[in-house]
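Asks: In this note's numbering, the protein residues as written are 1290 to 1732. Okay, handing you the structure first.
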């Protein structure tokens, strides 16, 4: 027998790859027989039309392996071969990603040449151990006055931005990306409408913000698995830069669409639906994702996760779960946005849990004084608006009415206007001093 014949027979004598065959499809999931690949493995499914489509193993059902496709399954038929590509998911990372727009697999979307990246990292890294996390003691400048003054965030803190659609969260994230003092921005656009991606890049982020950012995009028309993978990719990229000793600002818009994508995958894998149709895997995956952000002994990931509130109900399942996982939250008010008040942060229902530990005593006292007058005005707003409140009835209410225009000027900020921790602190102290004077000296 010739050497050529032996070489041709070698793959049959000593198989080097795992293969199976398509048995049937169930909705978006594909069942594969004779294919004992592990959960999370990357596979290729052959098609009758076009090239193979990639997929990921998401579970097992009876004697078959359940695969969720990463692309269009048109052309797949019973008996098509399924081949194992990799048992673990990695992406290439490096400084060449800065200023680039990439997809969930790390491939460029901006029509520029593929960057030369020498390092690689796993998509599903484990979070840092709890006892190894340093205490957060240093504030991070976001460039947004209401955050830097009244909702101060620390390097390594995780905050949620809760809002309904069209209340200004994308604009807010774009301002942070442009004005923050963080070394690197990693921005994940999960489930966005395709039209909005370029709008965010050109209008909200701008060329200056993009230059030090990595933008990961998975639009709403892409498979659920791609949307989930985009969130993992963005987090893995942020972890790489953190481990290089940099301060990273990770912004994800939105965590709700990430959860909805995992709901599709979980239901396709046969999980039972629970609260509002979300399977248990959603509530297991959320903490595993957000716990990966934070501070370690080399650098930091300060994370802002936007949460799309369904029907403006901040107690719906995803909002309620995420609020308990994060170190604070800012709620954007549709009512304030309707009045042209931007950023539309509802200060009375927002909190930064780490602010007391990272700011001075005088800033805490100043924030308390301003919050007190905002709360008093809110409690008496109905009486004031209809003219039923009589001036002089209560000194706190009188001061709240007098100071409201000044407080609103401090809380408002134009898109092209930036702030620093120092200027926000100084203006807050001056505002608080005038608030105390207004209480002591009734008009």
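Glycine included, C-beta positions come from ideal geometry on N, C-alpha and C.
Identify the residues that DSSP records as bridge partners of residue 1630: which are they?
Replies: Sequence index remark: in the chain shown, residue 1630 carries index 341 (1-based). In the DSSP output, where bridge partners are listed per residue, residue 1630 has none listed.
Asks: Output yes if chain B places a C-beta closer than 8 Å to the C-beta of residue 1323; else output no.
Replies: Here there is only one protein chain, and chain B is not present.
Asks: Apart from the five residues on each side of it in sequence, which residues of its chain come closer than 7 Å, Cβ to Cβ, to residue 1532?
Replies: For the purposes of this step, residue 1532 is taken as residue 243 along the chain shown, with counting starting at 1. Counting only Cβ-Cβ distances below 7 Å, and skipping sequence neighbours, we find 1587 and 1588.
Asks: Is the stretch 1330-1347 touching the stretch 1365-1375 in the sense that three or more CB pairs, one from each, lie closer than 8 Å?
Replies: yes
Asks: Hey, which unbroken runs of the alpha helix (DSSP H) at 4 residues or more fall wholly within the stretch 1422-1476?
Replies: 1434-1439 and 1458-1468
Asks: Excluding the 5 residues flanking residue 1304 on each side, which residues of the same chain have their C-beta closer than 8 Å to its C-beta?
Replies: Within the chain shown, numbered from 1, the residue matching residue 1304 stands at position 15. Any reading at residue 1304 needs caution, since the residue's pLDDT is 49, under 50, leaving its predicted position unreliable; the model's value is listed next. Result list for residue 1304: empty, nothing under 8 Å.
Asks: Please report how far the alpha carbon of residue 1728 lies from the alpha carbon of residue 1667, in whole angstroms.
Replies: Residue mapping note: residue 1728 aligns to position 439 of the chain shown, counting from 1. Residue mapping note: residue 1667 aligns to position 378 of the chain shown, counting from 1. A direct Cα-Cα distance of roughly 17 Å separates residue 1728 from residue 1667.
Asks: Between residue 1290 and residue 1339, what straight-line distance do the alpha-carbon atoms span, to the nearest angstrom?
Replies: Locating residue 1290 in the chain shown gives position 1, where the first residue counts as 1. Locating residue 1339 in the chain shown gives position 50, where the first residue counts as 1. Below a pLDDT of 50, predicted positions are generally treated as unreliable, and residue 1290, at 45, falls in that range; the measurement from the model is reported next regardless. Roughly 37 Å between the two C-alpha positions.
Asks: If you draw a straight line from the C-alpha of residue 1475 to the C-alpha of residue 1469, how long is it?
Replies: As a position in the chain shown, residue 1475 is number 186, starting the count at 1. As a position in the chain shown, residue 1469 is number 180, starting the count at 1. Rounded to the nearest angstrom, the gap between the Cα atoms of residue 1475 and residue 1469 is 12 Å.
Asks: Under 6 Å Cβ to Cβ from residue 1751, same chain only, skipping five residues before and after it: list those, please.
Replies: Coverage of the chain is limited to positions 1290 through 1732, which leaves residue 1751 absent and any answer about it impossible.
Asks: Bridge partners for residue 1481 per DSSP, in chain order?
Replies: Counting from 1 along the chain shown, the entry for residue 1481 is found at position 192. According to DSSP, residue 1481 bridges with 1508.
Asks: Taking only three categories from DSSP, how would you classify residue 1599?
Replies: Position 310 of the chain shown, counting from 1, holds the residue named residue 1599. If DSSP states are grouped into helix, strand and coil, residue 1599 belongs with the helices.
Asks: List, from N- to C-terminal side, the beta strand (DSSP E) runs of 3 residues or more that fit wholly inside the stretch 1608-1693.
Replies: Runs of the beta strand (DSSP E) inside the stretch 1608-1693: 1617-1620.
Asks: Would you call the CB atoms of residue 1317 and residue 1357 closer than 8 Å?
Replies: Numbered from 1 along the chain shown, position 28 holds the residue referred to as residue 1317. Numbered from 1 along the chain shown, position 68 holds the residue referred to as residue 1357. Against a cut-off of 8 Å, the Cβ pair of residue 1357 and residue 1317 comes out as a contact.
Asks: To which residues of the same chain is residue 1635 closer than 6 Å at the C-beta, ignoring the five residues directly before and after it?
Replies: Indexing the chain shown from 1 puts residue 1635 at position 346. Excluding sequence neighbours, residue 1635 sits near 1620 and 1622.
Asks: Tell me which same chain residues have a C-beta within less than 6 Å of the C-beta of residue 1717, skipping the five on either side of it?
Replies: As a first step, residue 1717 is located in the chain shown; it is residue number 428 there, counting from the start. Excluding sequence neighbours, residue 1717 sits near 1438 and 1655.
Asks: Looking at C-alpha atoms only, which residue of 1447, 1432 and 1700 is the closest neighbour of residue 1643?
Replies: Residue mapping note: residue 1643 aligns to position 354 of the chain shown, counting from 1. Considering only alpha carbons, the answer is 1447.
Asks: According to DSSP, simplified to helix, strand and coil, what is residue 1725?
Replies: Against the chain shown, residue 1725 aligns to sequence position 436. Of the three classes helix, strand and coil, the one that applies to residue 1725 here is helix, per DSSP.
Asks: Cβ atoms of residue 1539 and residue 1497: under 8 Å apart, would you say?
Replies: Sequence index remark: in the chain shown, residue 1497 carries index 208 (1-based). Sequence index remark: in the chain shown, residue 1539 carries index 250 (1-based). Against a cut-off of 8 Å, the Cβ pair of residue 1539 and residue 1497 comes out as no contact.
Asks: Three Cβ pairs or more, each shorter than 8 Å: is that satisfied between the stretch 1681-1696 and the stretch 1418-1428?
Replies: no
Asks: Indicate whether residue 1663 and residue 1637 have their beta-carbon atoms separated by less than 8 Å.
Replies: In the chain shown, counting from the first residue as 1, residue 1663 sits at position 374. In the chain shown, counting from the first residue as 1, residue 1637 sits at position 348. Contact flag set, yes.
Asks: Decide if the stretch 1536-1553 is in contact with the stretch 1507-1515; the criterion is three or more beta carbon pairs, one per stretch, under 8 Å apart.
Replies: Flag = yes, the stretch 1536-1553 and the stretch 1507-1515 touch.
Asks: If you follow the beta strand (DSSP E) that residue 1379 is in, where does it begin and where does it stop?
Replies: Working through the chain shown from its first residue, we reach residue 1379 at position 90. From DSSP, the beta strand (DSSP E) with residue 1379 extends over 1379-1382.
Asks: For a test of the three-state rule: what should DSSP assign to residue 1292, helix, strand or coil?
Replies: As a working note, residue 1292 is residue 3 in the chain shown. Note that residue 1292 scores a pLDDT of 48, beneath 50, so its modelled location is shaky; the value from the coordinates is reported in the next line. If DSSP states are grouped into helix, strand and coil, residue 1292 belongs with the helices.
Asks: If you draw a straight line from the C-alpha of residue 1391 to the C-alpha of residue 1658, how long is it?
Replies: Here residue 1391 refers to the residue found at position 102 when the chain shown is read from its first residue. Here residue 1658 refers to the residue found at position 369 when the chain shown is read from its first residue. Rounded to the nearest angstrom, the two C-alpha atoms are 45 Å apart.
Asks: Closer than 7 Å: is that where the CB of residue 1574 sits relative to any heavy atom of the ligand GDP?
Replies: As presented, the structure is devoid of all ligands, the ligand GDP included, so that no description of it is given.
Asks: Apart from the five residues on each side of it in sequence, which residues of its chain come closer than 6 Å, Cβ to Cβ, to residue 1571?
Replies: For the purposes of this step, residue 1571 is taken as residue 282 along the chain shown, with counting starting at 1. Result list for residue 1571: 1548, 1551 and 1552, in chain order.
Asks: State the Cα-Cα distance for the pair residue 1614 and residue 1730, rounded to the nearest angstrom.
Replies: Translated into the one-based positions of the chain shown, residue 1614 becomes position 325. Translated into the one-based positions of the chain shown, residue 1730 becomes position 441. Residue 1730 has its alpha-carbon roughly 44 Å from the corresponding atom of residue 1614.
Asks: On a CA-only basis, which of 1500, 1370, 1482 and 1314 is nearest residue 1733? Give me that one, please.
Replies: Any question about residue 1733 goes unanswered here, given that the chain covers just 1290 to 1732.
Asks: Check whether the stretch 1689-1703 and the stretch 1480-1488 are in contact - that is, three or more C-beta pairs closer than 8 Å.
Replies: Output reads no: the stretch 1480-1488 does not touch the stretch 1689-1703.
Asks: Quick one: what does DSSP say residue 1342 is sitting in, helix, strand or coil?
Replies: Translated into positions along the chain shown, residue 1342 becomes position 53. Three-state result, residue 1342: strand.
Asks: Flag this pair as touching only if the stretch 1700-1720 and the stretch 1669-1683 have three or more C-beta atom pairs under 8 Å; answer yes or no.
Replies: In short, these stretches do not touch, since the Cβ pair count stays below three.
Asks: Express the C-alpha separation of residue 1559 and residue 1341 in angstroms, rounding to a whole number.
Replies: As a first step, residue 1341 is located in the chain shown; it is residue number 52 there, counting from the start. As a first step, residue 1559 is located in the chain shown; it is residue number 270 there, counting from the start. Taking the straight line from one Cα to the other gives about 25 Å.
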